[in-house]
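2 protein chains.
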Amino acid sequence: MVLIGAGLIGTSIGQALTAAGVQVEVRDANPSHARVAVGRGAGTQTPVDPAEVALVVVAVPPRAIAAVVDEALDVYRNAVVTDVGSVKEPQLRELIDHRSLSRYVGSHPMAGSHLAGPLAASADLFSERTWVITPHEDSAPEAIATVEALARLCDARLITMAPADHDRAVGRVSHLPHLVSVLMAGQLAQMSPDDLALAGQGVRDVTRIAGGDPGLWEQIVSANARVLVPELQALADRLSELTQRLERTEPDVRPLLAQANAGVRKLPGKHGASAVDYASIVIEIPDAPGSLARLFGDVDAAGVNVEDVAIEHDPMRLVGHLRIYVHPDREQALTRAMTDAGWRVSTAAPPL
Amino acid sequence: MVLIGAGLIGTSIGQALTAAGVQVEVRDANPSHARVAVGRGAGTQTPVDPAEVALVVVAVPPRAIAAVVDEALDVYRNAVVTDVGSVKEPQLRELIDHRSLSRYVGSHPMAGSHLAGPLAASADLFSERTWVITPHEDSAPEAIATVEALARLCDARLITMAPADHDRAVGRVSHLPHLVSVLMAGQLAQMSPDDLALAGQGVRDVTRIAGGDPGLWEQIVSANARVLVPELQALADRLSELTQRLERTEPDVRPLLAQANAGVRKLPGKHGASAVDYASIVIEIPDAPGSLARLFGDVDAAGVNVEDVAIEHDPMRLVGHLRIYVHPDREQALTRAMTDAGWRVSTAAPPL
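These protein sequence lines map, in sequence, to chains A and B.
My numbering numbers the first residue of the first sequence as 1 and each following residue consecutively.
My numbering numbers the first residue of the second sequence as 1001 and each following residue consecutively.
Set out below in structure tokens:
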């Protein structure tokens, strides 16, 4: 196969396929990226006969995808061509106007990193992650099967969706939350250090993803503008209702807070099961090597299964708190065991 | 001292003061709450002579604070009275119109829990947490000193702010992010299971705090409406600008994304220092007792200090990934050591 684009995603695909015994030719407009990818086991730079290529994976930045797919369909006349972009419908419409697309099937491996480039790549980046395949009406069944085989070789979990359905879903549950986080973080940029000194865990959680790469996100949200604009308009209506309710002499925001509770509960829980209300205990951990190992050793000795864990840092103090989530019926046993083992156990939570 | 209101905050204060040798009378409109608080070491229900009381702490729900403070100033004629509400200015204005307030000093211990009530209380709930003292112009210096002593007995870190400055700061960095999270979670409530199946870590982070108690948050944001309404209007302007930029034939959202990056960087980092860009590695953990203890034992053996840690669950797979943050110059050593110890180490991140 031929890999065009040796960034994080492309190099990781090259590594996974090479590990699976597939011959991979690595191409990148940036020769040093291609060399690094080859050095990290993503394939070779030896050109293959274009007529012999069965699969081309286009892993270039979102804005370049349509043109590169178009060219690849011309150059590799017998190959199935796929891409790995986060938005599928616009590039499809761009292409389908002027050519047959039976050999093209879009796909979207839902994995990534806050790091970019071939150095951050890993053959198991997609392992058991969701990989959405987005066939269109003209996709040949053999072409779809080829892209499915690609995702399986990368050890991913397949979901098949129409391109427009995919774009609507990721627009709503990924791109829209990103923009909401961006709006809040933009307000932070205007605030004084005195205001920011009272920041707790809540605002950190809400704005974490707004720290993502502006260059990449600009391309993603621009490509999915058709889905995002109506979602943002619905958000503006909701914001307007909230503001009006808060402006009343007797504010009445309860319905919106209750609806938000319902929305949080609708998110699929851990491992795809419905959400479980875990109990949690909070343990103070000294900021020193070995504390976490000792702590989890004592948790293990208590025979309690840890469902989730989070370190809560307080910007005002020199220790962290580790919150350990367990099934509610194990909370008391764990609290007792950890207290007996000498840990400071509390119900302290991040500031409201 | 007299404690009025035996919920999570009040009972925790009673426990901390009782542990410090202070005699505490616990009062609550709900007799079973008072009994539970006393049973958990928050003080006694034995009435003391009101004229002898030096300090009254009002720890009732936000909506009831002003009336209870007012009554306490009448009943306990020689006592300093404080409260623990999240919003300070409105109740002060309500009181200052019709009485002398030299014996009243507002305060806001910034600690809490997703649990409520005396059963969730803990004597160390405030330990090294921020406790904002909000004296007003008429507060007597001795009254301020008494409330400062209260916060110190609870092992909290004091910050002194004017009531209006406090309300503006928590409005911006705590209440506003809460409402932003509520707006996003409200949109989730409208989405189909097919859309929600593609939800990753990002939307979970953005909407986590929207799962908070609607009854409590309604009172908090209503009390701080004066601060929040202009902040929400600024957010609406920002949202409108974002939508307009996204509607253009050539969308141009880069400036807003870059400003959001700057906002995230302005948040004080771990332990109040400026934020450090930690490196992180991701390790696959089997969902079984003992995995975390073994894992941190191996991290410890590598001699690398863990700066932060987060478990990333993928709803589609049966394992979790632990992301370990370390200083950038220790990343390679830890990756090598953990790989050698047999762990699956990758650069995998949550879906974009």
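Heads up, the beta-carbon is just placed ideally off N, CA and C, and yes, glycines get one too.
Asked                                                                                                                  : Found
Range of the contiguous alpha helix (DSSP H) that encloses B/Leu1153                                                   : Pro1141 to Leu1153
Under the three-state DSSP convention, the category A/Glu137 falls into                                                : coil
8 Å Cβ shell around B/Leu1196 - same chain, five flanking residues per side excluded                                   : Leu1188
Neighbourhood of B/Val1147 by C-beta, 7 Å cutoff - its chain only, sequence neighbours within 5 removed                : Val1080, Thr1082, Val1105, Ser1107 and Ile1133
Buried/exposed call for A/Arg238, threshold 16 Cβ in 10 Å                                                              : buried
Spatial distance of B/Val1057 from B/Leu1216 (CA atoms)                                                                : 19 Å
Runs of alpha helix (DSSP H) wholly within the region 1231–1314 of chain B (minimum 4 residues, chain order)           : 1254–1266 and 1291–1301
Under 8 Å between C-beta atoms of B/Leu1242 and A/Leu334                                                               : no
Contact under 8 Å by Cβ, B/Ser1012 with B/Ala1121                                                                      : yes
8 Å Cβ cutoff met for A/Phe296 and B/Phe1296                                                                           : yes
Identity of the residues DSSP links to B/Ile1324 by a beta bridge                                                      : B/Ile1281 and B/Val1309
Local Cβ density within 10 Å of B/Gly1272, reported as buried at 16 or more and exposed below that                     : Note that B/Gly1272 scores 41 on pLDDT, short of 50, meaning its location in the model is unreliable; the coordinates nonetheless yield the value given after this. So B/Gly1272 ends up on the exposed side.
CB contact below 8 Å: B/Pro1286 versus chain A                                                                         : no
Sequence-distant residues of the same chain with beta carbon closer than 8 Å to B/Pro1251, five excluded per side      : Arg1245
Endpoints, alpha helix (DSSP H) assigned at B/Leu1119                                                                  : Taken as a continuous stretch (DSSP letters only), B/Leu1119 belongs to no alpha helix (DSSP H), as it is neither H nor E.
Where the alpha helix (DSSP H) containing A/Asp165 begins and where it ends                                            : Pro163 to Val170
Completely contained beta strand (DSSP E) runs for the region 9–66 of chain A, where each covers 3 or more residues    : 25–27 and 55–58
Option in A/His33, A/Gly14 and A/Leu73 with minimal Cα separation from A/Arg99                                         : A/Leu73
Top-ranked residue by Cα proximity to A/Ala301, from A/Pro62, A/Arg129, A/Met338 and A/Leu92                           : A/Met338
Whether B/Leu1003 touches B/Gly1010 by CB criterion (8 Å)                                                              : yes
Given 8 Å, three or more beta-carbon pairs between the region 1203–1216 of chain B and the region 1249–1263 of chain B : no
Member of A/Asp155, A/Pro135, A/Ala140 and A/Gln190 whose CA lies at the smallest distance from the CA of A/His166     : A/Pro135
Counted within 10 angstroms of its Cβ, other Cβ atoms place B/Gly1014 as buried (16 or more) or exposed                : buried
Bridge partners - A/Val345, DSSP secondary structure assignment                                                        : A/Ile283
Length of the line joining the Cα atoms of A/Ala236 and A/Leu176                                                       : 12 Å
Chain A within 8 Å of B/Arg1035, Cβ atoms only                                                                         : no
Neighbour flag for B/Thr1243 against chain A, beta carbons, 8 Å                                                        : yes
Contacts of A/Glu89 in chain B (Cβ-Cβ under 7 Å)                                                                       : Residues of chain B passing the Cβ test: none, with the nearest at roughly 15 Å.
Sequence-distant residues of its chain with Cβ nearer than 7 Å to A/Val68 (five each side left out)                    : Ile4, Val58 and Val60
Beta carbon of A/Val326 nearer than 8 Å to that of A/Glu307                                                            : yes
Pick from A/Ala20, A/Ala19, A/Thr46 and A/Leu8 that is closest to A/Val26, judged by C-alpha positions                 : A/Thr46
Minimum Cβ-Cβ distance from B/Ile1133 to chain A less than 8 Å                                                         : no
Contacts of B/Ala1225 in chain A (Cβ-Cβ under 8 Å)                                                                     : Leu246, Glu247 and Pro251
Bridge partner(s) assigned by DSSP for A/Pro193                                                                        : BP columns for A/Pro193 are empty, so no partner.
Exposure of B/Gln1091, with buried meaning 16 or more beta-carbon neighbours within 10 Å                               : buried
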